[in-house]
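The next block holds one structure in the form of structure tokens; read it before the comments.
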Amino acid sequence: MSLTGFSRMGGLLCAAWLAGCAMDPPLPWMTVLELAQAREKAIAENRRVLMLFTGSDWCPPCQLLQRRVLQTPEFRRYAQSNLVLVEVDFPRRKVLAPELSATNHALARNYQVEVFPTLVLLDREGKELRKAQGYLGGGWERHLAWIEPRPEPPVSLSP
Numbered sequence: 001m002s003l004t005g006f007s008r009m010g011g012l013l014c015a016a017w018l019a020g021c022a023m024d025p026p027l028p029w030m031t032v033l034e035l036a037q038a039r040e041k042a043i044a045e046n047r048r049v050l051m052l053f054t055g056s057d058w059c060p061p062c063q064l065l066q067r068r069v070l071q072t073p074e075f076r077r078y079a080q081s082n083l084v085l086v087e088v089d090f091p092r093r094k095v096l097a098p099e100l101s102a103t104n105h106a107l108a109r110n111y112q113v114e115v116f117p118t119l120v121l122l123d124r125e126g127k128e129l130r131k132a133q134g135y136l137g138g139g140w141e142r143h144l145a146w147i148e149p150r151p152e153p154p155v156s157l158s159p
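Under our numbering, the residue at position 105 of the sequence shown is numbered 105, and the numbers go up by one with no gaps.
Spelled out as structure tokens, the structure:
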């Protein structure tokens, strides 16, 4: 193959890669500084708020949760119509603005976060529904069961 052929092939591969990136934009995670707007959006759109307490750049279980659950197409589709997402990050290599860092720490104390990752699910009014401390394991299906638990079937006491 000639140099021109390699250039064209490289250009096509780059274009295909960029097109794939454009079709899969990142989910709109808000920060705790936007928590009031997140709650307003949850009320207006009848959604729940999912808060992720994470150590994004140093916590292996947090990174596993991202790869196996939060970055999956299934989670993306579900979140776009059911959740307002708020990330509460505690990075070690990235310096947060002082106000954001202080607010993150205050929120972690408020929700008694002891390990990373921690997921806190709030109803649209901001009331805590559930909290999962640590990576639950598994993938999207296990986390969907945590977000949307199915009611226990009624127990029949008759013989």
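Even for Gly, the Cβ is constructed at its ideal location relative to N, Cα and C.
{"Item": "Where R142 sits in the DSSP three-state scheme", "Value": "helix"}
{"Item": "Cβ contact (3+ pairs, closer than 8 Å) linking the region 106-113 and the region 61-78", "Value": "no"}
{"Item": "Burial state of A42 (16 or more Cβ within 10 Å)", "Value": "buried"}
{"Item": "D57 burial status per 10 Å Cβ neighbour count (16 or more: buried)", "Value": "exposed"}
{"Item": "Proximity winner among V84, E141 and K127, relative to M30 (alpha-carbon distances)", "Value": "V84"}
{"Item": "Proximity of Q133 and V115 at Cβ, strictly below 7 Å", "Value": "yes"}
{"Item": "Distance, L70 Cα to L27 Cα", "Value": "9 Å"}
{"Item": "Segments assigned beta strand (DSSP E), at least 3 residues, entirely inside the region 26-70", "Value": "48-54"}
{"Item": "Own chain residues within Cβ distance below 8 Å of S63, not counting five before or after", "Value": "The displayed chain sequence assigns Gln, not Ser, to residue 63. S56, listed in sequence order."}
{"Item": "As assigned by DSSP and simplified to three states, the class of R150", "Value": "coil"}
{"Item": "Same chain only: Cβ atoms within 7 Å of R68, ignoring 5 sequence neighbours per side", "Value": "G139"}
{"Item": "Cβ shell of L107 (< 7 Å), same chain only, five flanking positions each side left out", "Value": "V32 and V88"}
{"Item": "Through-space distance from P98 to T72, alpha-carbon basis", "Value": "32 Å"}
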